[in-house]
Amino acid sequence: MSTETQKETLGFQTEVKQLLNLMIHSLYSNKEIFLRELISNASDAAEKLRFEALSNGELYENDGDLKIHVKYDETAKTVTIEDNGIGMSRDDVVDHLGTIAKSGTANFLSQLTGDKAKDNQLIGQFGVGFYSAFIVANQVDVYTRRAGADVAEGVHWSSKGEGEFTIATVEKAGRGTQIVLHLKDGEEEFANGQRLRTLVRKYSDHISMPVVMQKEAPLGSEDDEEAQAVVEEEETVNSATALWTRNKGDISDEEYGEFYKHISHDFGDALTWGHNRVEGNLEYTSLLYVPENAPYDLWNREAPRGLKLYIQRVFIMDQADQFLPLYLRFIKGVVDSNNLSLNVSREILQQDPSVDKLRSALTKRVLDMLTKLGKNDPEKYRKFWNAFGSVIKEGPAEDYTNRDKITKLLRFASTHEDNPDTLVSLEEYVSRMQEGQEKIYYITAENYNTAKNSPHLEIFRKKGIEVLLMTERVDEWMMSHLFDFDGKSFQDVTKGELELGDADSEEEKKAQEEAAKEAESLVERLKERLEERVSEVRVTHRLTDSPACLVLNAYDMGAQMRQIMEAAGQAVPSSKPIFEINPEHPLIAKLDQEPDEDRFGELAQIIFDQADLAAGGRLEDPAAYVARLNKLLLELSQ
5 MSTETQKETL GFQTEVKQLL NLMIHSLYSN KEIFLRELIS NASDAAEKLR FEALSNGELY
65 ENDGDLKIHV KYDETAKTVT IEDNGIGMSR DDVVDHLGTI AKSGTANFLS QLTGDKAKDN
125 QLIGQFGVGF YSAFIVANQV DVYTRRAGAD VAEGVHWSSK GEGEFTIATV EKAGRGTQIV
185 LHLKDGEEEF ANGQRLRTLV RKYSDHISMP VVMQKEAPLG SEDDEEAQAV VEEEETVNSA
245 TALWTRNKGD ISDEEYGEFY KHISHDFGDA LTWGHNRVEG NLEYTSLLYV PENAPYDLWN
305 REAPRGLKLY IQRVFIMDQA DQFLPLYLRF IKGVVDSNNL SLNVSREILQ QDPSVDKLRS
365 ALTKRVLDML TKLGKNDPEK YRKFWNAFGS VIKEGPAEDY TNRDKITKLL RFASTHEDNP
425 DTLVSLEEYV SRMQEGQEKI YYITAENYNT AKNSPHLEIF RKKGIEVLLM TERVDEWMMS
485 HLFDFDGKSF QDVTKGELEL GDADSEEEKK AQEEAAKEAE SLVERLKERL EERVSEVRVT
545 HRLTDSPACL VLNAYDMGAQ MRQIMEAAGQ AVPSSKPIFE INPEHPLIAK LDQEPDEDRF
605 GELAQIIFDQ ADLAAGGRLE DPAAYVARLN KLLLELSQ
């Protein structure tokens, strides 16, 4: 390289410093992945050049033979990865190698615990790419020039992976990027041809770009001239064929697994995948992966997402988000279409009718893949649901066309199971429904214990009717978009009149009517005392052990939706609950016999507040409740 000019020293972004320190110590046991990450980046750079050259062939600079070189020097203890791809300008270098331009980085770093095993997994999900070089190197030099830029506009970036880096302008004859790793003491094993070849074949065999190394002289060669001639020859180390273009039967699970890590930059494994080739009016190949672990930014709906898009084997763009709905934003993969134009842009994709067809087809592919996983491997599906179930629950509201498919993927805790981690599908629920049961019953609550122990479930326990327990904030919103399954409508057991259909005998229905008639005077007294807090008072047939419960009107907003709207700063409509009493409970019977109206009113307020607490509610005036309860306790102690 020529003399350096415009040299300056800059500090890493704070997040980069933190990540470098964590990564070097957390990923040391998996240090060989540095080569995979750097080759993957080089491959991306070559593909980006190929795409940009579609509209500007001069970017090739009379060199259209794209490849990646891997070199080493045992004496100098260096490993070099070099590509002739798109390259970087000075500004690109500062942006890409000095900062982490990812939304949610601070949130990601806050999740790190200091537990190496857990942090390793998180860092892998974040994707560290270039910075993995510092796992094995105590200094990294990058020489790069943007394709089409003048030879004098080359850039030299250098850092020891501590707090700062230097950047200077140099002459660089060839476009692309050369990364030189100065290996740490003890890492000399990587300055070895056989070791590097093994790693290339292990991690990067599927890269569509040729990975080239110099041939090595045969061991024991005595002819120096012959040995030198061999060393000067190059050979392609990997298969250099785009993996998704090969026949499924020729691809091993290991190859599929490594390709997932290449496109996702995830250190973890894929849970499952689907590889399909479609011919006809719509011609495309797709290779779609379900990750094993949720990414750190899963809940950032604005985060970049989507598939790698190829058109006729030419890379077009990363994170093409037009091909899958938002509730499938965790899916990674590749789609290679023959129906789209090579000069496509994100704006054109939004208008091309072929994109809608591809989106529909790929969405069904993913849903079918997940359905198959649920039927054939429940244990793997449980892992999937734990990682992504909450996102799938967005589906019924966002994708009406596939609502039935999505509904079959849903899993819930249930009164049928004692373990909160044992989840059931709606198909399982329906198969266990009692004779005469016409509805699928569910309850939404703040947490599992509140749901499991809700007074609203007492009659269901007595009759052995299963109830689904829903405890995620998204559940109530989701259920507002689900109306039936397999011909059975859904019923929130905390809302409206409770209808058990044929599960209630004629005798039971008659007894309920008689109980309501006998309690008419008590109901009227309670209405008068609680009129500011309730919309109605009535006799319940939900309860067997509790004195009372609060019930929402059929179309009232539940606690989960209220919390979501309040957190979003939206106005929440006011509503009063229905107060249902169990006249057979001793406390209600005693209340009915209370002659002192003031004392009656105090007891009524206490029972109301207890019902509110049992439902997981938050008292509007906890101090008043405590005062009333203390007064009652003092009276009982005298």
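Residue 5 is where the sequence shown starts when you use the numbering used here, and the numbers rise one by one after that. All C-beta atoms in this analysis are idealised placements derived from N, C-alpha and C, irrespective of residue type, glycine included. The structure presented is a predicted model; accordingly, all values stated were derived computationally and were not measured.
Leu328 vs Leu366 beta-carbon contact at 7 angstroms: Locating residue 328 in the sequence shown gives position 324, counting from the first residue. Locating residue 366 in the sequence shown gives position 362, counting from the first residue. Yes, they are a contact pair.
From what residue to what residue does the beta strand (DSSP E) around Ala354 run? In the sequence shown, counting from the first residue as 1, residue 354 sits at position 350. Ala is not the amino acid found at residue 354; the sequence shown has Gln there. Here Gln354 belongs to no beta strand (DSSP E), and DSSP marks it neither H nor E.
Rounded C-alpha distance that separates Glu192 from Ala137: Your numbering for residue 192 matches position 188 in the sequence shown. Your numbering for residue 137 matches position 133 in the sequence shown. The alpha-carbon atoms of Glu192 and Ala137 are separated by roughly 14 angstroms.
By how many angstroms is the C-alpha of Pro587 removed from the C-alpha of Ala417? Walking along the sequence shown from the start, residue 417 turns up at place 413. Walking along the sequence shown from the start, residue 587 turns up at place 583. Computed Cα separation, rounded: 31 angstroms.
Assigned secondary structure, Tyr207 (DSSP; H/G/I helix, E/B strand, else coil): Sequence index remark: in the sequence shown, residue 207 carries index 203 (1-based). DSSP places Tyr207 in helix when its eight states are reduced to three.
C-alpha gap between Glu86 and Leu185, whole angstroms: Position 82 of the sequence shown, counting from 1, holds the residue named residue 86. Position 181 of the sequence shown, counting from 1, holds the residue named residue 185. Straight-line Cα distance between these residues: approximately 11 angstroms.
Counting only runs of 4+ residues fully inside the stretch 418-449, write out the alpha helix (DSSP H) ranges in chain order. 430-435
In angstroms, rounded to a whole number, what distance separates the CA positions of Leu474 and Ile396? Counting from one through the sequence shown, the residue named residue 474 turns up at place 470. Counting from one through the sequence shown, the residue named residue 396 turns up at place 392. The amino acid at residue 474 is misidentified as Leu; the sequence shows Met. One C-alpha to the other measures close to 14 angstroms.
Rounding to the nearest angstrom, what Cα-Cα distance links Glu476 and Asp403 in this structure? For the purposes of this step, residue 476 is taken as residue 472 along the sequence shown, with counting starting at 1. For the purposes of this step, residue 403 is taken as residue 399 along the sequence shown, with counting starting at 1. Approximately 20 angstroms, taken between the alpha carbons.
Kindly provide the ranges of any beta strand (DSSP E) runs that are 3 or more residues long and lie completely inside the stretch 125-208, ordered along the chain. 141-149, 158-163, 168-174 and 180-187
At the level of alpha carbons, what is the spacing between Gln614 and Ile447? For the purposes of this step, residue 614 is identified with residue 610 of the sequence shown, where counting begins at 1. For the purposes of this step, residue 447 is identified with residue 443 of the sequence shown, where counting begins at 1. Roughly 19 angstroms between the two C-alpha positions.
Rounded to whole angstroms, how far is the Cβ of Gly167 from the Cβ of Lys21, which I believe are closer than 8 angstroms? If you number the sequence shown from 1, residue 167 lands on position 163. If you number the sequence shown from 1, residue 21 lands on position 17. Yes, Gly167 and Lys21 are in contact; Cβ-Cβ is about 6 angstroms, under 8 angstroms.
Beta-bridge pairing of Gly278 - partner residues as DSSP gives them: The residue given as residue 278 occupies position 274 in the sequence shown. Beta-bridge pairing links Gly278 to Leu292.
Name, in chain order, the residues that DSSP records as bridge partners for Gln495. Counted from its first residue, the sequence shown places residue 495 at position 491. Tyr445.
Report buried or exposed for Arg622, applying the criterion of at least 16 other Cβ atoms within 10 angstroms of its Cβ. Start at 1 with the first residue of the sequence shown, and residue 622 comes out as number 618. Burial call: exposed.
Alpha carbons only, please: which of Thr82, Lys75, Glu78 and Asp48 is nearest the one belonging to Gly89? Counted from its first residue, the sequence shown places residue 89 at position 85. The shortest Cα separation from Gly89 among Thr82, Lys75, Glu78 and Asp48 belongs to Asp48.
Check Val215 in the structure and name its three-state DSSP category. Counted from its first residue, the sequence shown places residue 215 at position 211. In the structure shown, Val215 sits in a strand (DSSP, three-state: E or B).
Where do the ends of the alpha helix (DSSP H) carrying Val395 lie? In the sequence shown, residue 395 corresponds to position 391, counting from 1. Note, Val395: alpha helix (DSSP H), Pro382 to Ile396.
How many angstroms separate the CA atom of Phe271 from the CA atom of Tyr260? Position 267 of the sequence shown, counted from the start, is the residue given in the question as residue 271. Position 256 of the sequence shown, counted from the start, is the residue given in the question as residue 260. Rounded to whole angstroms, Phe271 to Tyr260 spans 14 angstroms at the Cα level.
For Leu591, the first and last residue of its enclosing alpha helix (DSSP H): Taking the sequence shown and counting its residues from 1, the one referred to as residue 591 is at position 587. Element bounds for Leu591: Pro590 to Asp596.
Assign Tyr559 to one of three DSSP states: helix, strand, or coil. For the purposes of this step, residue 559 is taken as residue 555 along the sequence shown, with counting starting at 1. Coil, per DSSP.
Going straight from the alpha carbon of Glu535 to that of Glu606, what length do you get? The residue you call residue 535 lines up with position 531 of the sequence shown. The residue you call residue 606 lines up with position 602 of the sequence shown. Those two C-alpha atoms are separated by around 14 angstroms.
Between Phe583 and Met565, what straight-line distance do the alpha-carbon atoms span, to the nearest angstrom? Within the sequence shown, numbered from 1, the residue matching residue 583 stands at position 579. Within the sequence shown, numbered from 1, the residue matching residue 565 stands at position 561. Distance between the alpha carbons of Phe583 and Met565 is about 21 angstroms.
Buried/exposed call for Arg521, threshold 16 Cβ in 10 Å: As a working mapping, residue 521 is identified with position 517 in the sequence shown. As written in the sequence, residue 521 is Lys, which differs from the Arg given in the question. Exposed: under 16 other Cβ atoms inside 10 Å.
Whole angstroms is fine: what's the gap from Arg415's alpha carbon to Phe392's? Taking the first residue of the sequence shown as position 1, residue 415 is located at position 411. Taking the first residue of the sequence shown as position 1, residue 392 is located at position 388. Using only the alpha carbons, I get a separation of about 11 angstroms.
Any contact of the stretch 250-265 with the stretch 64-75, i.e. 3+ C-beta pairs under 8 angstroms? no
Rounded to the nearest angstrom, how far is the Cβ of Leu187 from that of Lys81, given a contact under 8 angstroms? Looking up residue 187 in the sequence shown gives position 183. Looking up residue 81 in the sequence shown gives position 77. With a Cβ gap of about 5 angstroms, Leu187 and Lys81 count as contacting.
I think Ile469 touches Gln438, with their Cβ atoms under 8 angstroms apart; what is that distance to the nearest whole Å? Position 465 of the sequence shown, counting from 1, holds the residue named residue 469. Position 434 of the sequence shown, counting from 1, holds the residue named residue 438. About 6 angstroms separates the two Cβ atoms, so the contact holds.
If you draw a straight line from the C-alpha of Leu633 to the C-alpha of Asp625, how long is it? In the sequence shown, the residue the question calls residue 633 occupies position 629. In the sequence shown, the residue the question calls residue 625 occupies position 621. If you take the alpha carbons of Leu633 and Asp625, they lie about 13 angstroms apart.
For Glu51 and Lys71, the rounded distance between their alpha carbons: Numbered from its first residue, the sequence shown carries residue 71 at position 67. Numbered from its first residue, the sequence shown carries residue 51 at position 47. The straight-line gap from Cα to Cα measures roughly 10 angstroms.
Do Leu377 and Lys384 have their beta-carbon atoms positioned less than 7 angstroms apart in this structure? Along the sequence shown, read from residue 1 onward, the residue named residue 384 stands at position 380. Along the sequence shown, read from residue 1 onward, the residue named residue 377 stands at position 373. Going by C-beta atoms, Lys384 is nearer than 7 angstroms to Leu377.
By a C-beta neighbour count over all protein chains shown, 10 Å radius and 16 as the cutoff for buried, is Phe487 buried or exposed? The residue labelled residue 487 in the question sits at position 483 within the sequence shown. It is exposed - the Cβ of Phe487 has fewer than 16 other Cβ atoms within 10 Å.
Note down, in chain order, each residue of its chain lying with its Cβ closer than 8 angstroms to the Cβ of Gly152, except the 5 sequence neighbours on either side. Here residue 152 is taken as the residue at index 148 of the sequence shown, counted from 1. So the list reads Asn60, Glu62, Leu63, Glu65 and Arg179, once near-sequence residues are dropped.
CB Arg333 to CB Arg309, shorter than 7 angstroms? Here residue 333 refers to the residue found at position 329 of the sequence shown. Here residue 309 refers to the residue found at position 305 of the sequence shown. It is a contact, given that the beta carbons lie within the stated cut-off.
Beta strand (DSSP E) containing Asp600: first to last residue? Taking the first residue of the sequence shown as 1, we reach residue 600 at position 596. Element bounds for Asp600: n/a, residue is neither H nor E.
Would you tell me roughly how many angstroms separate the C-alpha atoms of Asp560 and Met482, rounded to the nearest one? Against the sequence shown, residue 560 aligns to sequence position 556. Against the sequence shown, residue 482 aligns to sequence position 478. Using only the alpha carbons, I get a separation of about 15 angstroms.
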